[in-house]
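These notes are about the structure you will find just below.
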Amino acid sequence: MIFLLGGESHTGKTLLAQKLLEKFSYPYLSLDHLKMGLIKGMKNFPFKVDEDEKIAEFLFPIVDGIIQTCIENKQNLIIEGIYLTPKKLQKFQNHSDVKILYIIFSKEYILQNYELIYQNENAIEKRLFSEKEEINTLILNHQKLKTQCENLNFPFIEIQKDYETELKNAIEFFA
């Protein structure tokens, strides 16, 4: 079984992947690790670290190959990252060996917990630099992703009030 976790930055995708690893014993791949491995390992990585759309285009053929190989070999894997866009994942949407979920923050959650979102950015990864987005940009990005999920019929969990409790719903989604 392949679990694919998408969502905007700082939604806890890596934290959820870690919890799923503990529950199911499936390994996980953070696409941030893949991105940084390429940036640090290639002489001339063709993009800046913050060019998310270009990086998503560059990484997806690799990610697609990983997913297809795991399906062919009947292997379990969790992949998480902002680069798993609804448009890119449509080809796996109805595959019996793939479960896809997006984590989204509601506007109200962002307005009430903006500082807390960034205080928790090191829950799993220890970031060298904070990547704090302006609040209106953060709200807009989450609303945009929610609209994409709705338009393409992708499942998502929208965190409204209590992050820990609502994240448990995401874990149950994969059970």
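Residues 18 to 192 in our numbering are what the sequence shown spells out, letter by letter. We put the CB at the ideal spot given by N, CA and C, even for glycine.
According to DSSP, what are the bridge partners of residue i?
i, result
"tyrosine 119", "Gly23, Phe173"
"glutamate 167", "Paired residue(s): none; glutamate 167 is not in a bridge."
"glutamate 183", "According to DSSP, which records beta bridges pairwise, glutamate 183 is partnered with nothing at all."
Taking the Cβ atom as the reference point for each residue, do residue i and residue j lie within a distance shorter than 8 Å?
i, j, result
"isoleucine 96", "leucine 21", "yes"
"asparagine 90", "methionine 18", "no"
"phenylalanine 171", "tyrosine 119", "yes"
"leucine 37", "lysine 52", "no"
"isoleucine 156", "isoleucine 134", "no"
How would you label residue i, buried or exposed, when you count the other beta carbons within 10 angstroms and need 16 or more for buried?
i, result
"glutamate 25", "buried"
"lysine 185", "exposed"
"glycine 58", "exposed"
"serine 47", "buried"
"alanine 192", "exposed"
"proline 78", "exposed"
"isoleucine 117", "buried"
Give the straight-line distance between the Cα atoms of residue i and residue j, rounded to the nearest whole angstrom.
i, j, result
"glycine 82", "glutamate 183", "32 Å"
"lysine 65", "alanine 73", "12 Å"
"isoleucine 56", "phenylalanine 62", "5 Å"
"glutamine 129", "asparagine 111", "36 Å"
If you drop the 5 nearest sequence neighbours on each side, which residues of the same chain put their C-beta closer than 8 Å to that of residue i?
i, result
"isoleucine 121", "Gly24, Glu25, Thr28, His159, Leu162, Lys163, Cys166, Phe173, Ile174, Glu175, Ile176"
Cβ-heavy atom distance between residue i and the ligand SAH below 7 Å?
i, result
"tyrosine 119", "Only the bare structure without any ligand can be found here, which leaves the ligand SAH out of the picture."
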